[in-house]
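So the structure is just underneath, and the comments pick up after that.
Numbering (the numbering used here), first residue to last: 0 to 157.
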């Protein structure tokens, strides 16, 4: 995710550099064409001379490229890829679990990522000892955090 945002910043920076190059190129080309415009029209009258408003195709391609780069860069910077990272990580962790660990972890994430241990004991139908041992395993894997709250534990999915 962060790599894509970094790529977006790089594209916007590149577009800024490219815009200064294209603008400079176009400006210098118009200055170089001014004597030829004066020779054709007899005098240089700004926008009256057809050569004064003419832009080379390279300038159009350059300015179009800048707009495309800015659009892609902005999209990468501001787009939230993958939605909620927490839920994505939970689903991935759930796929690696099996048996009782999967059942308890699924119950925990279905409750929003937080539940009391006593509630899991009651809802799962497992004994207190089995829930405690299974939570020990989940905690050792770094998937669950226990916080003491009165006579029970508050479980948080990481």
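Glycine included, each C-beta is placed from N, C-alpha and C at the ideal position.
Discussion item. Within a Cβ cutoff of 8 Å, which residues of the same chain sit near residue 4, ignoring the five residues on either side of it in sequence?
Written reply: Counting only Cβ-Cβ distances below 8 Å, and skipping sequence neighbours, we find 75, 76.
Practice prompt. Could you name the residues of the same chain whose beta carbon sits closer than 8 Å to that of residue 93, not counting the 5 residues immediately before and after it, in chain order?
Written response: 101, 104, 105, 108
Practice prompt. Could you check which residue in 11, 125, 115, 56 has the C-alpha nearest to that of residue 99?
Written response: The residue among 11, 125, 115, 56 with its C-alpha nearest the C-alpha of residue 99 is 125.
Worksheet item: Excluding sequence positions up to five away, which residues of its chain have a Cβ less than 7 Å from the Cβ of residue 97?
Response: Excluding the 5 residues flanking it on each side, residue 97 has no same chain C-beta neighbour closer than 7 Å.
Item to complete: Would you mind giving the Cβ-Cβ distance between residue 154 and residue 119, rounded to the nearest angstrom? I have them listed as a contact below 8 Å.
Response: 7 Å
Worksheet entry | Contact belief for residue 64 with residue 11 at Cβ below 8 Å, rounded distance in angstroms | About 13 Å; that fails the 8 Å criterion.
Item to complete: Specify the secondary structure class of residue 147 as computed by DSSP and reduced to three states.
Response: strand
Item to complete: Tell me where the beta strand (DSSP E) around residue 115 begins and ends.
Response: Here the beta strand (DSSP E) through residue 115 covers 113–115.
Practice prompt. Leaving aside the five residues before and after residue 17 along the sequence, list all residues of the same chain whose C-beta is less than 6 Å from its C-beta, in chain order.
Written response: Cβ neighbours of residue 17 beyond the five flanking positions: 65.
Worksheet item: So who's on the other strand from residue 152, going by DSSP bridges?
Response: 147
Discussion item. Taking the alpha helix (DSSP H) that residue 72 belongs to, which residues open and close that run?
Written reply: 56–77
Fill in: Sequence-distant residues of its chain with Cβ nearer than 8 Å to residue 115 (five each side left out)
Hits under 8 Å: 148, 151, 152, 153, 154.
Worksheet item: How would you label residue 70, buried or exposed, when you count the other beta carbons within 10 angstroms and need 16 or more for buried?
Response: exposed
Discussion item. Please state whether the Cβ-Cβ distance between residue 21 and residue 57 is less than 9 Å.
Written reply: yes
Worksheet entry | Helix, strand or coil at residue 140 according to DSSP, with G and I counted as helix | Residue state, collapsed to three classes: coil.
Discussion item. I believe residue 146 touches residue 134 by the beta-carbon criterion, under 8 Å. Please report the beta-carbon distance rounded to the nearest angstrom.
Written reply: Actually they do not touch by this definition, with Cβ atoms about 12 Å apart.
Worksheet item: What separation, rounded to the nearest whole angstrom, lies between the Cα atoms of residue 127 and residue 89?
Response: 24 Å
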